[in-house]
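S.K.: Please see the structure below; I have some questions.
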Amino acid sequence: VTSFTSRDSPTTWATLKKKPFNNIISWEDLPLFCFWQIWLSRNNNLFNNRKDMVNTKANLAKATEYIPISVNRTTTKQKTIWVKCTPPLTNTYKLNTDRVAVGNPEKGGVGGAFRNAGGNWMLGYMRSIQHTTNTQAKLLALLKGLQIVEERQLTPLEINTDSTEVIRMLINGNLIFDSIIFECRSIVQRLGDVVVKHSFREMNKVADLLAKEGAKKDFFYTIFVTAVPPVFATHVFCADIVGTAFSRQVLECNIDNYDHLEGELVYP
1 VTSFTSRDSP TTWATLKKKP FNNIISWEDL PLFCFWQIWL SRNNNLFNNR
51 KDMVNTKANL AKATEYIPIS VNRTTTKQKT IWVKCTPPLT NTYKLNTDRV
101 AVGNPEKGGV GGAFRNAGGN WMLGYMRSIQ HTTNTQAKLL ALLKGLQIVE
151 ERQLTPLEIN TDSTEVIRML INGNLIFDSI IFECRSIVQR LGDVVVKHSF
201 REMNKVADLL AKEGAKKDFF YTIFVTAVPP VFATHVFCAD IVGTAFSRQV
251 LECNIDNYDH LEGELVYP
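Residues in the sequence shown are numbered from 1 upward in steps of one, following full-length UniProt numbering.
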């Protein structure tokens, strides 16, 4: 007890809390549980006109019984995998989309990049948004890309987004963003040969840079389209062209199913 009231008590606790209190619980499990029991005892005495003392042994027994069944001590092991941007199939285009919302909600930007089967740059786009949220910007990034696809007939097309939320909203709907979702679905249906898939963030770096640049600019009323990779994204685009792999942490239990990690969510 003396050590906890001395000037080096933080050091003492930092060492002690990681040690086992008994063969079931550790020292760091005790404080919150003990404070809870003290609070329960205080309320019982106050509202029931009692003067019971806190039973230390009984509370330690309760902690030993309660904590193992209430605290999830499952540890998830992670493992590093290597992912890279891959070009689409022959005679097919690929579009990567991304978004940025600076303040959520606040000013934001959307961007995307089209490539052909050789991985070569077809065109890129970016646009500024005066006031948006992360979720709305994700959908707008997809919508702006689809509008360009319909205008220029860039099909067959595979669209990659690093947002699983976007694909789930396309599949299941969302009342708040129903108008944007409806427009995206309508364009996909009219085009016919378009699929929206999930991809890792590491494979979406060019679109990410385009969206960030859009958030810096004031392209509020027009989409800025670029026929060549912009200077600020050239290094990332070149890395994709040569097949540079990037590391990513995934749950070890998913390693056996790695082939299904990318693109497991698909619309339609």
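All residues carry an ideal CB built from backbone N, CA and C; glycine is no exception.
Mapping the DSSP letters down to three states, classify residue 196 as helix, strand or coil.
M.R.: Residue 196: strand per DSSP, three-state reduction.
S.K.: Out of 48, 68, 36, point me to the one whose CA is closest to residue 56's CA.
M.R.: Of 48, 68, 36, the residue nearest in Cα terms is 36.
S.K.: Could you tell me which residues DSSP puts in a beta bridge with residue 247?
M.R.: According to DSSP, residue 247 bridges with 82.
S.K.: Assuming contact is defined by CB atoms lying nearer than 9 Å, are residue 167 and residue 93 in contact in what I supplied?
M.R.: Their beta carbons are not under 9 Å apart, which means residue 167 does not touch residue 93 by this criterion.
S.K.: Kindly indicate which three-state DSSP category residue 66 falls into: helix, strand or coil?
M.R.: Looking at residue 66 - three-state DSSP - the assignment turns out to be helix.
S.K.: Counting only the same chain and skipping the five closest in sequence on each side, list residues whose C-beta sits under 7 Å from that of residue 233.
M.R.: If we look at residue 233 and ignore the five residues flanking it on each side, its Cβ neighbours are 206, 209, 210.
S.K.: Measure the alpha-carbon distance for residue 66 versus residue 29 and round it to whole angstroms.
M.R.: Approximately 11 Å between the Cα atoms of the pair.
S.K.: Report the rounded CA-to-CA distance for residue 239 versus residue 158, giving the unit in angstroms.
M.R.: Computed Cα separation, rounded: 20 Å.
S.K.: Whose C-beta lies closer than 7 Å to the C-beta of residue 105 among residues of the same chain, with five residues either side of it excluded?
M.R.: Hits under 7 Å: 131, 132, 133.
S.K.: Go ahead and label residue 204 buried or exposed: buried means 16 or more other beta carbons lie within 10 angstroms of its beta carbon, across all protein chains shown.
M.R.: Counting Cβ neighbours within 10 Å, residue 204 comes out buried, since at least 16 surround it.
S.K.: What three-state label does DSSP hand residue 26 in the structure shown?
M.R.: Strand at residue 26.
S.K.: Name the one or two DSSP bridge partners that residue 270 has.
M.R.: Nothing can be reported for residue 270: it is not among the residues displayed for the chain, which extend from 1 to 268.
S.K.: Taking three-plus beta-carbon pairs below 8 Å as touching, is the stretch 74-90 in contact with the stretch 189-198?
M.R.: Counting Cβ pairs under 8 Å, fewer than three are found: no touch.
S.K.: Measure the C-alpha to C-alpha separation of residue 280 and residue 23 and round it to an integer number of angstroms.
M.R.: Any question about residue 280 goes unanswered here, given that the chain covers just 1 to 268.
S.K.: In three-state terms, what does DSSP make of residue 50?
M.R.: The answer is coil: DSSP assigns residue 50 none of H, G, I, E or B.
S.K.: What are the residues that DSSP puts in a beta bridge with residue 226?
M.R.: Residue 226 pairs with 124.
S.K.: Would a C-beta distance cut-off of 9 Å place residue 154 and residue 182 closer than the cut-off?
M.R.: Not closer than 9 Å, so no.
S.K.: DSSP on residue 176, reduced to helix/strand/coil?
M.R.: Reduced to three states, the DSSP call for residue 176 is coil.
S.K.: In the DSSP assignment, what residue or residues form a beta bridge with residue 95?
M.R.: BP columns for residue 95 point to 114, 159.
S.K.: Looking at C-beta atoms only, is the number of pairs between the stretch 121-128 and the stretch 140-151 that lie closer than 8 Å three or more?
M.R.: Result yes; three or more Cβ-Cβ pairs closer than 8 Å.
S.K.: With a cut-off of 8 Å on the beta carbons, I'd call residue 82 and residue 237 a contact; round off their distance for me.
M.R.: Residue 82 to residue 237, Cβ: 19 Å. No contact.
S.K.: Mind checking whether residue 222 and residue 198 have CB atoms under 9 Å apart?
M.R.: Not a contact, by the Cβ cut-off of 9 Å.
S.K.: Report, in whole angstroms, the separation of the C-beta atoms of residue 27 and residue 19, which I expect to be a contact under 8 Å.
M.R.: Yes, they are in contact, since the Cβ atoms of residue 27 and residue 19 sit about 6 Å apart, within 8 Å.
S.K.: Excluding the five sequence neighbours on either side, which residues of its own chain have a C-beta within less than 8 Å of the C-beta of residue 180, listed in chain order?
M.R.: Closer than 8 Å at the Cβ level, and outside the excluded window around residue 180, lie 136, 139, 140, 143.
S.K.: With which residues is residue 267 paired in a DSSP beta bridge?
M.R.: For residue 267, which the question treats as bridged, DSSP gives the partners 196.
S.K.: Give the DSSP-derived three-state secondary structure of residue 31 in the structure shown.
M.R.: Three-state DSSP puts residue 31 in a helix.
S.K.: With residue 134 as the anchor, note down where its alpha helix (DSSP H) starts and where it stops.
M.R.: Unbroken alpha helix (DSSP H) run through residue 134: 134-152.
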